[in-house]
Structure formats: C-alpha cells, structure tokens
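In the numbering used here, the protein residues as written are 1 to 271.
Here's the structure, in structure tokens; my notes come after.
See the structure below:
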C-alpha cells in the first residue's frame, strides 16, 4: 500500500467505527497501513474511561495489551470545553489522564467551546488553561491538552484572539470547521495557526441546501474541501504532526463504513 513521502503522520479517529472494540480498530489500522489512532469512541460509547475500565480493569493492564500493537494511540478525545465547563466536567475529564498516560498518548482533546469568542469567553478559556497547567505540573503528567477548533473559535478573528491569550496552547485543527463554519480558506488559517498545530482533522463535504447545516459529509475527494492545496502548504512547511481522518459515522450512521473512507482517502491522495 503506497502513500506519499510527506513527513506528517497518518491517523484516523475511532469515531468512524464507534461500536468497534480496540482490537477491531487496530485491525483496521493494520489493513490500511495507518500507524496512529485517536480514540473518541469504543464499544458504542464516548465514555472511554468507563469502557476501558470494563475491558482492561486498570491502566497498567491496558498498557500491557498495547505492547506490539500495529498502531500507536496519539490522542484521546474528551468532551471538556475550555469555555463553559463545570467542576463536574473537569472531574470527568481528569478520569482520562491515567489511561492517556498508560497508552502514551501525547494529547487529550478538549473542545474550545463558547458562542461568541468574547473577552469574557477568552477569560474563561484562560482560567481553564491555567487550572490544567498548574495541575499537570503538580502531578508530573506527560499528556497535555490540545484544543480543537470546533465552536466559537473556529472563526478566524476569535481563533487569533484565543491564540494570543494562550500562547503555549497546542491546537487540534479541525480544517473542515474553520473552512465550513468559519468561512476561512485553509491556507490562510494554516498561516495563522500553523506553529501551534499538533494534530489535524480532515473530512470532506458538499453543499446541500436540504441539510440543516447547509452541507452533507461525503467520502474524501467527493466534496468541495480543498485538500490538495492544504497538503501542498503542509509539505512546503514540513508539517510533522498527525493528519487524522475524522469520519463521523458514529454521529451520522448513514455514512459509508470507515474503511470505504480510508480507501477513498488513499486513492484520492488525501495523505
């Protein structure tokens, strides 16, 4: 199976096969020669700590099962929002930490959150970030938060202000959200935040007047996302992070199976 000679790392999210167990997800990665995974769902749930505890008992046992695995877990997807979180949601987030440490994941995904990107929301994001940085340093954890451009901060001006307020924060760049929701050309966004990006989500869609969102997800290469231009920019800048296919079949069960999307991504030079 041939891929490009770019220096980025290929990955996919388990969101594309949300009811699968970890063995099945690893098998998919091996069949498609994908070296890295991000876990958002397993066994039909987004509550990964609860699921992993039910399957493996403890983080140490989980780590043991990953020895010799065909793919490396690079990120766990949490539901924490930098803006609008509570003590309860922070505690739920912290349950992910020992599992992330056990599998060697470098990041815990947190959403940006927010509605407007206002100064007040920036202050909330900064408060959450400082809480996490202090706790991480105190506990000596290796894993770190990476913030996904998903909500209010998928908008270019808001994202710029967030980046200025949190200069040491790494980003998971959802290229589709900043393009569709934010209306910004991906090359322009890359120039704005490229030095912060550790992990990139990619997916494709087509304008659809009958869809509530105004678009419908389609197989990579069947839609309107300017992937070839983005890849050229990433190669020019020698991007070395992950490019992950976030196939949202868990939320949109009518989408084709994940393996169809992975095959399309390879055949249509999305890697």
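We put the CB at the ideal spot given by N, CA and C, even for glycine.
> For the beta strand (DSSP E) that contains residue 216, what are its first and last residues?
Replying inline: Under the DSSP assignment, residue 216 falls in the beta strand (DSSP E) whose first and last residues are 215 to 218.
Between which two residues does the beta strand (DSSP E) holding residue 207 run? Per DSSP, residue 207 belongs to the beta strand (DSSP E) from 204 to 207.
Notebook entry, point to check: Is DSSP giving residue 272 helix, strand or coil here?
Noted result: Residue numbering for the chain in the displayed model covers 1 to 271; residue 272 lies beyond these limits and cannot be assessed.
- From the DSSP output, read off the bridge partner residues of residue 11. According to DSSP, which records beta bridges pairwise, residue 11 is partnered with 36 and 244.
Any idea if residue 91 is buried or exposed, counting beta-carbon neighbours within 10 angstroms, 16 or more meaning buried? So residue 91 ends up on the exposed side.
Proximity below 8 Å, CB of residue 246 to CB of residue 203
Yes, the pair counts as a contact, with Cβ atoms nearer than the cut-off.
message: Out of 43, 33, 38 and 39, which one is the CA nearest neighbour of residue 20?
response: Per the Cα distances, 43.
* Spatially closest choice to residue 60 from 46, 45 and 97, by CA coordinates -> With distances taken between Cα atoms, residue 60 lies closest to 97.
Notebook entry, point to check: Roughly how far, in whole angstroms, is the beta-carbon of residue 270 from the beta-carbon of residue 220, given that I think they are within contact range, below 8 Å?
Noted result: Confirmed, about 5 Å.
Rounding to the nearest angstrom, what Cα-Cα distance links residue 10 and residue 200 in this structure? When rounded, the distance between both Cα atoms is 10 Å.
- [ ] Answer with buried or exposed for residue 257, where buried requires no fewer than 16 other C-beta atoms within 10 angstroms of its C-beta.
- [x] Label assigned to residue 257: exposed.
For the beta strand (DSSP E) containing residue 146, list its first residue and its last residue. Where residue 146 is concerned, the enclosing beta strand (DSSP E) stretches over 144 to 148.
Who pairs with residue 75 in a beta bridge, going by DSSP? Answer is 38 and 107, bridged to residue 75.
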